[in-house]
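So the sequence shown is residues 1 to 71, counted in the UniProt record's numbering.
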Amino acid sequence: MSTMSDQLLLEPDDRRRFAAVVGAITVVTAVLIEATIGVRVAAALIVGLFSGLVFLLTAALLKRFAPEYYR
């Protein structure tokens with residue numbers, strides 16, 4: 001049985017980068033939003049997860065369709 005990361009052709013480095021992207025975007029968003037703490041955390045998590053999904057999609061598409069010399 002294959003995992004989702006295997007289906008997306010992700011390597012361990014991509015998983016680490018995914019966590020870094022989500023973490024960094026979440027922290028920066030939480031700091032920059034001017035609202036109550038609950039709203040800050042909720043909005044930052046949503047933005048961080050969306051950024052992570054965009055990263056995963058981009059990484060998967062590059063691995064699938066990029067020329068060999070680009071990889």
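In this text, a Cβ means the ideal position worked out from N, Cα and C, and glycines have one as well.
Tell me which same chain residues have a C-beta within less than 8 Å of the C-beta of residue i, skipping the five on either side of it?
| i | result |
| --- | --- |
| residue 45 | 26 |
Please classify residue i: is it buried, with 16 or more other beta-carbons within 10 angstroms of its beta-carbon, or exposed?
| i | result |
| --- | --- |
| residue 32 | exposed |
| residue 57 | exposed |
| residue 48 | buried |
| residue 30 | buried |
| residue 59 | buried |
Taking only the alpha-carbon atoms, compute the straight-line gap between residue i and residue j and give it to the nearest angstrom.
| i | j | result |
| --- | --- | --- |
| residue 36 | residue 66 | 43 Å |
| residue 68 | residue 61 | 13 Å |
| residue 34 | residue 16 | 29 Å |
Roughly how far, in whole angstroms, is the beta-carbon of residue i from the beta-carbon of residue j, given that I think they are within contact range, below 8 Å?
| i | j | result |
| --- | --- | --- |
| residue 18 | residue 55 | 6 Å |
Using C-beta distances below 7 Å, list every residue in its chain close to residue i, excluding the 5 sequence neighbours before and after it, in chain order.
| i | result |
| --- | --- |
| residue 52 | 18, 21, 22 |
For residue i, which residues of its own chain have a beta-carbon under 6 Å away from its beta-carbon, when the five flanking residues on both sides are left out?
| i | result |
| --- | --- |
| residue 43 | 33 |
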